[in-house]
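**Student:** Submitted below is the structure of interest, expressed as structure tokens.
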Amino acid sequence: MTQPVIQQQTVGSQDLNKILNTPSFEQPLGTDQYGRSMYVRLAAGLRLSFWLAGLSVVTSCIIGTGLAIFAAWCRGRTETLLDALINSLMALPGLILVLLFAAVIPGSFVMIYLAISIVLSLEYYRVIKASSKAILNSPAVESSQLLGFNHVYILKRHLLPELKPSLFTLSAYGAANAILMMASIGFVYVGLKPPTAELGLMIVELFPYYEEAPWLLCQPLVVLFTVVLSLNLLAGKNNHAIENR
Amino acid sequence: MQLKIDKLTIYSDENLTTRAHLSDRRALLGPLNFSFSDQEPVTVLGHTGAGKSLLAQALMGTLAVNLTVTGTLTINGRIFDLADRKKLQALWGKTLVLLPQEPWNALNPLKKAASQIIEVGRFVLNQDKQTASKQSIQRLATLSLMDCQNKYPHQLSGGMAQRLTYAIISCANTPVMILDEPSKGLDKTAVEQLFKQIKHTSQQAALLTITHDLALCQRLGGKLLIIQQGRQLAFAQTKQLFTCPRLPYLEQLIAATKPPSIHKKFGSVNEVLLEMKDIQYSISGKTILNNVNLTLKCAQITLIQGISGVGKSTLGDLICGLKRPSRGHRSVDNQVGKLEIQKIYQEPTAVFAPGIPLKLLFKDVCKLHQIKFSSVLNGMEKLKLDVSLLQRDKSSLSGGELQRFALLRVFLLKPKIIVADEVTSRLDECHSRTILELLINYCYEQNAALVIISHQTEQIVTLADQIISLKPVLNKR
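So the sequences go chain by chain: Z and E. Take the first sequence: its letters are residues 11 to 255, numbered as in our numbering. Take the second sequence: its letters are residues 18 to 494, numbered as in our numbering.
Written out as structure tokens, the structure reads:
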């Protein structure tokens, strides 16, 4: 993440004299097929992934949780309608939805971000609606309503504090999924276009050279694996915290 | 079957590092020494928070890991170390069985009643499918649960769930049975049915009953173990303990069962606050209430009684306006504002938002209704609540304290009508008496109408101005 501060090279700067180099003092992680610094490119790819994960998690959290609480509150027809919409979106595999969106404007970060946010918000909707309904049905909320408190208060004191742990878990899983999804569509060449440094795209670009330079192909894979694993562990850790309450 | 418990002591692991020796640490419970057998059942009596349930957990090997237990359990000469939880757990089903405190939570919510009993036959008694299901039907019939065969736990009332759990634990004919608060939250008829069953089982099994119900413990006979704040106060024949001169502690418990002392104010205004006519309430095609008439007047106590599942709570919700009647008319007098009908709930732990200090919750109420916070503090003093309790959240307060906080929060709004829905069923006798006194005194002081929904009616019958007995509505199929 700190790469731009440390090194002057850019993601795209090529050096065709030094292609597929092994790691050296100058190039700590070696160079790729165009002689570009792997270190710089990995750092840029990682930054891009985190940006996307962060953005889409925040967006989907707001959309998904908002709709879920709205549906749990209104019940009746509104809930049925929203359920129908969400269920039909859920019937599509998430990746197909992202591919569809990405195909509309190929190589657009915004489209990928939108698509991933929509896919992630489905999960929020499902989980949060179920727990919100239980909370809204509880005697605690009923007594708060009898005492004259309004919806904002119930949201502040009852819903959000109780939903917070699940929101955190969902967000950690969501971030892992978002990173994986972007890498997957990069891998099938529908996502961002070269020369952007993106983990999935790097994997597919380095794929032809795996016999000459296996260490290069390993790098984005290891990074992807580590990031997704840590996010999942983070989510899992929080799950234990919920169980132990 | 002979059981003997020696020097059972439970310590909490707090301050483990600072104090090296077990004997230096404060014991939560014990040391307890007692024995019981199939000839002589033992009843454990004590206040809420005396450590009764810890005893059950220690014997079952289910104590929380941050608690340390020492002592031994001897079953027919075999000695078990209570600290070895694994060994105790190996006894489950075959030798040792527990009726848990909240049977509702113990049942599998995804399985029908009958199949939960069949499981015991299949996996504990190793019966084949047919024998197990035949036996399960017999069990259900003896506990008059035949209608529930194909029902899921959420479709059962508290009493039914209790009986079903009892059927499950008793069908393996386990020689040792621990019953944790078997009569808690049950109405009189349900307790009666359960008692018959317990009496029947006690002829075959060694029974350890944990309760705060004095009537039940007198009827069970055998020996009585009294625990006060974790210490063994007495262990002797029940009859002997109940004959004079009694222990002061027991005396205090007995006094609490007598009706509360209230000085009724006369000459109070007899204005009608709420009227309900020909109320009918049905939900998903099933009529729960039919032709109910009710009038609430100032300074009047109304008792709603009936067996569990008859719709008492539903009527309470109709009075509060939380549910709407399917048919009939509900009219509220103009002097009763929208916020002046309040409800007190059965489960005091369920009415406060979790994880938030009570002080914050009370400040919220004060801010919303422009009440000075000092009136909260005054109220707390009246209700004998310590100021320091305000800093805690609901998880670190006892049921009795929380119920008083719930009362206080409702009293702040000066309601004209209070619906108290089984407010005392989760509390021991001393606490429930206090709560009732507070409610009734408020009602007379403020000229409010009080509706008490209860199945523990002896205490209230003498005080009620009108009694509404609900009977089950017959549904035509």
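Every residue, glycine too, gets a C-beta built ideally from N, C-alpha and C. Predicted model only: the values in this text are computed from it and were never measured.
Within 10 Å of its beta-carbon, does C183/E have 16 or more other beta-carbons around it, so buried, or fewer, so exposed?
**Tutor:** It should be pointed out that residue 183/E corresponds to Tyr in this sequence rather than to Cys. Flag for Y183/E reads buried.
**Student:** Mind checking which residues open and close the beta strand (DSSP E) that includes F53/E?
**Tutor:** Per DSSP, F53/E belongs to the beta strand (DSSP E) from A44 to S54.
**Student:** Taking 9 Å as the threshold (beta carbon to beta carbon), is P342/E in contact with chain Z?
**Tutor:** Not closer than 9 Å to any Cβ of chain Z, the Cβ of P342/E fails to qualify, so no.
**Student:** Just checking: is the beta-carbon of P171/Z within a distance shorter than 9 Å of some beta-carbon in chain E?
**Tutor:** Interface residue, yes.
**Student:** Quick check on T304/E: does DSSP put it in helix, strand or coil?
**Tutor:** T304/E: strand per DSSP, three-state reduction.
**Student:** Can you give the Cα-Cα distance for L491/E and L225/E, rounded to whole angstroms?
**Tutor:** Answer to the nearest angstrom: the Cα atoms are 39 Å apart.
**Student:** For K103/E, decide whether its Cβ has a neighbour in chain Z, counting only Cβ atoms nearer than 9 Å.
**Tutor:** So no, K103/E is outside the interface.
**Student:** Leaving out five residues on either side along the sequence, give the residues of the same chain with a beta carbon under 7 Å from the beta carbon of Q74/E.
**Tutor:** Result list for Q74/E: L80, in chain order.
**Student:** Mind pulling the chain E residues with CB within less than 8 Å of P38/Z?
**Tutor:** The premise fails here: P38/Z is roughly 46 Å from chain E at the closest Cβ pair, so nothing lies under 8 Å.
**Student:** Just to confirm, are Q495/E and I484/E a CB contact at a threshold of 9 Å?
**Tutor:** The question about residue 495/E has no answer here: the residues shown for chain E are numbered 18 through 494.
**Student:** Any heavy atom of the ligand ZN closer than 8 Å to the CB of R46/Z?
**Tutor:** This structure simply doesn't include the ligand ZN, nor any ligand for that matter.
**Student:** Among the residues of its own chain, which have a CB less than 6 Å from the CB of L407/E, if the five just before and after it don't count?
**Tutor:** Excluding positions up to five away in sequence, the list reads L375 and K376.
**Student:** Within the continuous alpha helix (DSSP H) that includes G158/Z, where are the two ends?
**Tutor:** Premise fails: G158/Z is in no alpha helix (DSSP H) and is neither H nor E.
**Student:** Which value, in whole angstroms, describes the spacing of the CA atoms of K411/E and E418/E?
**Tutor:** Straight-line Cα distance between these residues: approximately 9 Å.
**Student:** Would you mind working out which of V82/E, Y298/E and G110/E sits nearest R344/E, comparing C-alpha positions?
**Tutor:** Ranking V82/E, Y298/E and G110/E by Cα distance to R344/E puts Y298/E first.
**Student:** Got a sec: which bits of the stretch 358–371 of chain E sit with their beta carbon under 7 Å from any beta carbon on chain Z, in order along the chain?
**Tutor:** Of all residues in the stretch 358–371 of chain E, Q359, K360, Y362, E364, A367, V368, F369, A370 and P371 have a Cβ within less than 7 Å of some Cβ in chain Z.
**Student:** Given a cut-off of 9 Å on the beta-carbon distance, is the pair L291/E and S348/E in contact?
**Tutor:** Cβ atoms of L291/E and S348/E: closer than 9 Å.
**Student:** Could you tell me the boundaries of the alpha helix (DSSP H) in which G55/Z lies?
**Tutor:** Where G55/Z is concerned, the enclosing alpha helix (DSSP H) stretches over M48 to C84.
**Student:** Compute the Euclidean distance between the alpha carbons of H229/E and M177/E, then round it to the nearest angstrom.
**Tutor:** Going by the C-alpha atoms only, they are around 21 Å apart.
**Student:** For G247/E, which residues in the same chain have their Cβ closer than 6 Å to its Cβ, ignoring the five residues on either side in sequence?
**Tutor:** Within the same chain, G247/E has close Cβ partners L45, L46 and G68.
**Student:** With a Cβ-Cβ cutoff of 9 Å, do A465/E and C315/E count as a contact?
**Tutor:** In this structure, C315/E lies closer than 9 Å to A465/E by Cβ.
**Student:** Can you give me the C-alpha to C-alpha distance between P126/E and S132/E, rounded to a whole angstrom?
**Tutor:** Roughly 12 Å separates the two Cα atoms.
**Student:** Compare the C-beta of R494/E against all C-beta atoms of chain Z and say whether one is closer than 9 Å.
**Tutor:** Its pLDDT being 48, under 50, R494/E is placed unreliably in this model, and the value from its coordinates should be taken loosely. Cβ-Cβ to chain Z under 9 Å: no for R494/E.
**Student:** Unbroken alpha helix (DSSP H) runs of length 4 or more, entirely within the stretch 55–139 of chain E: which are they?
**Tutor:** 69–77, 102–106 and 120–123, all fully within the stretch 55–139 of chain E.
**Student:** Mind checking if K21/E is an interface residue toward chain Z, Cβ cutoff 9 Å exclusive?
**Tutor:** No, because no Cβ of chain Z sits closer than 9 Å to the Cβ of K21/E.
**Student:** Nearest by alpha-carbon distance to L113/E: which of T191/E, I361/E and P342/E is it?
**Tutor:** For L113/E, the nearest C-alpha among the options comes from T191/E.
**Student:** Mind checking if A251/E is an interface residue toward chain Z, Cβ cutoff 9 Å exclusive?
**Tutor:** It does not: the Cβ of A251/E has no partner Cβ on chain Z nearer than 9 Å.
**Student:** Which partner residues does I244/E have in the DSSP bridge list?
**Tutor:** Partner(s): Q249/E.
**Student:** How about K355/E: is its C-beta nearer than 9 Å to some C-beta of chain Z?
**Tutor:** Yes, K355/E lies at the interface with chain Z (some Cβ there is under 9 Å from its Cβ).
**Student:** Please return the same chain residues whose Cβ sits closer than 7 Å to the Cβ of Q363/E, not counting the five positions on each side in sequence.
**Tutor:** So the list reads D438, E439, V440, S442 and R443, once near-sequence residues are dropped.
**Student:** Does DSSP put S413/E in a helix, a strand or coil?
**Tutor:** Helix.
**Student:** On the DSSP bridge list, what partners appear for T41/Z?
**Tutor:** Note: T41/Z sits in a beta bridge opposite S47/Z.
**Student:** I'd like to know if F159/Z contacts chain E, where contact means its C-beta is closer than 9 Å to some C-beta of that chain.
**Tutor:** Judged by the 9 Å Cβ criterion, F159/Z is in contact with chain E.
**Student:** Would T87/E pass as a contact of A100/E if the rule is Cβ separation under 9 Å?
**Tutor:** In this structure, A100/E lies closer than 9 Å to T87/E by Cβ.
**Student:** Can you name the start and end residues of the beta strand (DSSP E) that T193/E belongs to?
**Tutor:** A small correction: the amino acid at residue 193/E is Val; Thr does not occupy that position in the sequence shown. Counting along the chain, the beta strand (DSSP E) containing V193/E begins and ends at V193 to D197.
**Student:** Tell me the rounded alpha-carbon separation between I79/Z and F60/Z.
**Tutor:** Each residue's alpha carbon lies about 28 Å from the other.
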